[in-house]
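So the structure is just underneath, and the comments pick up after that.
Protein chains: 6
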Amino acid sequence: MPNSVDRYGEGVVHREVSTIAQGHEEVIKWLLGRHEELVVAIGSANESFTPKNPFTVGERIEMLISMLKELNLISKVMYCAVPDTKGDSALWYAYVHGQCPSFDVAYTNDEFTRLCFEYGNVKVLNTPFFNRETYSGTRIRELMATGDKSWRDLVATGVLPVLGRINAEDRVRRLMQKQI
Amino acid sequence: MPNSVDRYGEGVVHREVSTIAQGHEEVIKWLLGRHEELVVAIGSANESFTPKNPFTVGERIEMLISMLKELNLISKVMYCAVPDTKGDSALWYAYVHGQCPSFDVAYTNDEFTRLCFEYGNVKVLNTPFFNRETYSGTRIRELMATGDKSWRDLVATGVLPVLGRINAEDRVRRLMQKQI
Amino acid sequence: MPNSVDRYGEGVVHREVSTIAQGHEEVIKWLLGRHEELVVAIGSANESFTPKNPFTVGERIEMLISMLKELNLISKVMYCAVPDTKGDSALWYAYVHGQCPSFDVAYTNDEFTRLCFEYGNVKVLNTPFFNRETYSGTRIRELMATGDKSWRDLVATGVLPVLGRINAEDRVRRLMQKQI
Amino acid sequence: MPNSVDRYGEGVVHREVSTIAQGHEEVIKWLLGRHEELVVAIGSANESFTPKNPFTVGERIEMLISMLKELNLISKVMYCAVPDTKGDSALWYAYVHGQCPSFDVAYTNDEFTRLCFEYGNVKVLNTPFFNRETYSGTRIRELMATGDKSWRDLVATGVLPVLGRINAEDRVRRLMQKQI
Amino acid sequence: MPNSVDRYGEGVVHREVSTIAQGHEEVIKWLLGRHEELVVAIGSANESFTPKNPFTVGERIEMLISMLKELNLISKVMYCAVPDTKGDSALWYAYVHGQCPSFDVAYTNDEFTRLCFEYGNVKVLNTPFFNRETYSGTRIRELMATGDKSWRDLVATGVLPVLGRINAEDRVRRLMQKQI
Amino acid sequence: MPNSVDRYGEGVVHREVSTIAQGHEEVIKWLLGRHEELVVAIGSANESFTPKNPFTVGERIEMLISMLKELNLISKVMYCAVPDTKGDSALWYAYVHGQCPSFDVAYTNDEFTRLCFEYGNVKVLNTPFFNRETYSGTRIRELMATGDKSWRDLVATGVLPVLGRINAEDRVRRLMQKQI
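Protein chains in written order, with our numbering: chain A, 1 to 180; chain B, 1001 to 1180; chain C, 2001 to 2180; chain D, 3001 to 3180; chain E, 4001 to 4180; chain F, 5001 to 5180.
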């Protein structure tokens, strides 16, 4: 494998893989139409039980695997977890370097993530936008917080059973109530 | 998947997945003879370029995936990375809880790891020993350091190309020279 | 003692013991009407000189002890300090496990704290609300910041001399001015 | 209290309150013959399950309280926990400043601790040595590790039941076996 | 040098040396009119790529040196970097103590910084305000974000070429866009 | 300056600038014979009061400046401080990138430091050895510990007064006594 096949990483889901939305699914399919292999980096791996990252890394890995198995893509996608730098983002590209399997090019549509990669001389490309508004993790969590069951239509294939088992809706609702 | 299938984690490779030896391969096969799925936790995820953990987490994930693909086990084994607690090991079971997909029982033959799991009320079992002496990561690194090519016979299936690409032997040799 | 007496912890004052209000005093008395012993966990132990936690852990311990001595409860209440997890709240229950003397049940009225305890399988109960609005630490600090001396009527028994010695009003006023 | 009474801290048990020995008991009694109040700082609060600090902070607090209650000294001794600086010991005096109730003088017989206090302009005095060899925490842990029950004669008053409840001997024995 | 000359530190630029403004230049000249030597502490050394601290420590040191050389003051000003305490500001004076060359008095006009120095018994004085509004780093970064080239008139002597080399305007603009 | 002059960093003193020896002086002179400017990175900036790094970063900066002024090189040498990675050395090159002014090539004779630079694609060269045995910081500290005054002949030009002012010999002697 390592000799004859190109390796491609993508960071598009960085800071967003707290809830795996249909948008993530479409990006992954689009990338696998261009590359033979893919590395998905789960960002903010040092966060859990926050409004933006309500799920632990372990739970996020479970969601990702559940989707990949349903889509029969488990043998084409590698995954890993990258923590935030807690304010010293000039270090972030080195975190990615150390935590991820090797890759040749990163994909992201987030300007800040792109800036961090560029500072570390990592090649960065864009992905198309797949109706980002509707399919975003943020939208899903907002619906969960208000008890609007329509969030179930927005998550990626295969993720629903994982969210059910960990009582995701209940957790997100309670986290959103938290007054800081 | 999450409803009809039991989930089983194992921690046996904790503090040991710096170089994937044949012993790891045998343990994984033995566990998959008893459980339908497996979580492999890569321990000491906060270490790299040390004599005991010469490889980054990303490199260790690459080795593991390379082996799993060769053995056609990639769809049965989940993986994740767990950092050390830097001296506060009473927290370790919570690190595992947060970083790993859910599991029902942990496997380890290391007495210290067992103690840490027990403190967190995690069920722990032993695995058989598979000629540990010969197949250990420690032995492999010692041979690498002295330039004895027989280490190539001790690594797990599929790992060799990854070690070649990152110049593993050269790195280990130089790390071992370091006087602290 | 450890054999014949039940041990009971309570976490109600978590994230709130920055200034010990009359509300804390009432909760402690109420809990001691139900349990023989009590563990008070001083939360956010890693914070000081912030608008929400203007006092050091040492100063907060002094306030607590001063109150307990005045109320003649010093032999019934144990105390300890628990730091925040800095965004990885799934670890918090393990911080409490390691930093506190053993306990059988936790008390809190804070939904987020309850969520964190539940994730760690810790039994949690509620306490009654004792006119929380008027007696809260937040209210006390707001009055301090504006120079309204009526805050002196809201702190718990015995705490005033400690606050005087460390020039608490002056510190809180200056911290509140800080533009972030 | 804070007006009419002097406050005295002592740091003698720093890096040593992993197991409360008879020597600690004698030092505390000696100090209370000279001062009306005492602050006991539990050092290395960031360590647990290590050969040198096998017990969590919570467990160490339980031991201390158990002794103080047996000796009827609970109203004269305050306690707090101070973490290590992990290599930047020039910061240690500030850790003590923030984590401990206020004090006028520190006591220690450890030259390194004295050096750290002096760098922070903290007044430091010595205590007498009370047969240190026999009564040290190190000696107790060594006996525990070999299963020699005579360690029971060396711990401070009231500590034995706490050590029994947490299976201290078993834990220390297993920790000492750990090959690093 | 160390015997016959007084040493003077100043902390006025703490949390502000993200972009060296003309105000910083005037303060440094004013201080060198009163003291023979000066220590400039670059604050928030643990931050980079944030809206408030867009530049790395290395880049900030380059700006400072570039200014000092232009002004022919390089032999009179020492510099060092001090990280933030991440919420435990009671420790900050010890960070300054350890990271900076020795000094006799600190200068700051920031009330919070003054509070932190006072807690550590460090002597603090004010500096005059030099048209702070117009010359502040905050103002410079706001102009950069909107593409208003007039920021070039507000930076200190000699800093412009450094900002040009690292594409400062582009970076600040992109950082300001970041939605958190 | 930044346009017309090359910038050159050197990392040779990494992990070694705890006591500035004559060897450091010679290396710096040799490098300035080849490059117009130099960045000296003070390594292990997170350590102090250890046998290997007995001095704070501030004290080490004072020594370096004192030497540079005596040698009339203060306008040609920039300095900065780089902390250790605490076991995750794959990140180290990014620490250097963020903490140091920009440079084109690094110099070191330490194999481990070279390995870390290579992993980050930093160009590394060697320096000549200048009688390393006799002039090393380690040798100086060993002599200090035994009270052998001949260490005074081994330190770099101008450093002696700084070491005298901070009672370096006394500190090193006491640190070496520390039993760990």
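By construction, the Cβ of each residue, glycine as well, lies at the ideal position given by its N, Cα and C atoms.
Neighbours of residue 4175 of chain E across chain A, judged by C-beta separation under 8 Å: 112, 115. Between residue 5165 of chain F and chain D, the shortest Cβ-Cβ separation is not below 8 Å.
Per the DSSP secondary-structure output, residue 1155 of chain B pairs in a beta bridge with B/1021. Taking a Cβ-Cβ cut-off of 7 Å, the neighbours of residue 5048 of chain F in chain D comprise 3088, 3089, 3090, given in sequence order. For residue 1098 of chain B, the C-beta contacts it makes with chain C under 8 Å involve 2088, 2090, 2091, in order along the chain.
Proximity of residue 5069 of chain F to chain E, defined by a Cβ-Cβ separation below 8 Å, is satisfied. The C-beta of residue 4128 of chain E has fewer than 16 other C-beta atoms within 10 Å across all chains shown, which makes the residue exposed.
In this structure residue 5057 of chain F does not touch residue 5074 of chain F by the C-beta definition: roughly 18 Å separates them, more than the 8 Å allowed. Counted as a single uninterrupted DSSP element, the stretch harbouring residue 2115 of chain C is not any beta strand (DSSP E) but the alpha helix (DSSP H) occupying residues 2111-2119. Taking the Cβ atoms as the reference, residue 2106 of chain C lies roughly 16 Å from residue 2081 of chain C, outside the contact range of under 8 Å. Shown here, residue 5064 of chain F sits in a helix according to DSSP, grouped into three states. Think of a sphere of 7 Å around the beta carbon of residue 5171 of chain F: the chain D residues whose beta carbon falls inside it are 3115, in chain order. Between residue 1101 of chain B and residue 1039 of chain B, the CB-CB gap stays under 8 Å. By the beta-carbon neighbour count (other beta carbons within 10 angstroms, threshold 16), residue 3110 of chain D is buried. Cα atoms of residue 3145 of chain D and residue 142 of chain A: separation of roughly 55 Å, rounded to the nearest angstrom.
Residues of the same chain with a CB within less than 6 Å of the CB of residue 5028 of chain F, apart from the 5 flanking positions on each side, do not exist. Counting the other CB atoms within 10 Å of its CB gives residue 170 of chain A a total below 16, which places it among the exposed residues. In the DSSP annotation of this structure, the continuous segment of the beta strand (DSSP E) that includes residue 4038 of chain E starts and ends at 4038-4042. Sorting A/115, A/155, A/20 by C-alpha distance to the C-alpha of residue 4175 of chain E places A/115 at the top. Distance from the CA of residue 70 of chain A to the CA of residue 35 of chain A, rounded to the nearest whole angstrom, comes to 20 Å.
At a Cβ-Cβ threshold of 8 Å, residue 4094 of chain E and residue 3156 of chain D do not count as neighbours. Under the Cβ criterion of 8 Å, residue 138 of chain A is not counted among the residues facing chain C. In the three-state reduction of the DSSP assignment, residue 4148 of chain E falls in the coil class.
With a cutoff of 8 Å on beta-carbon distance, residue 5166 of chain F and residue 5026 of chain F are scored as not near each other.
Judged by beta-carbon spacing, residue 1088 of chain B lies within the 8 Å limit of residue 2098 of chain C, meaning their Cβ atoms are closer than that value. Around the C-beta of residue 2150 of chain C, fewer than 16 other C-beta atoms lie within 10 Å, and the residue is accordingly described as exposed. As computed with DSSP, residue 2080 of chain C is found in a beta bridge with C/2041. Close to chain D, meaning a Cβ-Cβ distance shorter than 7 Å, are the following residues of the segment 2052-2067 of chain C: 2056, 2057, 2058, 2061, 2062, 2065, 2066. Residue 1048 of chain B and residue 1172 of chain B have their C-alpha atoms some 11 Å from each other. Using a CB distance below 9 Å, no part of the segment 3017-3048 of chain D faces chain E.
For residue 2161 of chain C, the enclosing alpha helix (DSSP H) covers residues 2160-2165. With a threshold of 16 other beta carbon atoms within 10 Å, residue 3053 of chain D meets it and is buried.
Straight across, the Cα-Cα distance linking residue 2085 of chain C with residue 2091 of chain C is about 7 Å. Residue 2048 of chain C carries a strand assignment under DSSP once its states are collapsed to helix, strand and coil.
Nearest in C-alpha terms to residue 2062 of chain C, of all of D/3062, D/3050, D/3037, D/3051, is D/3037.
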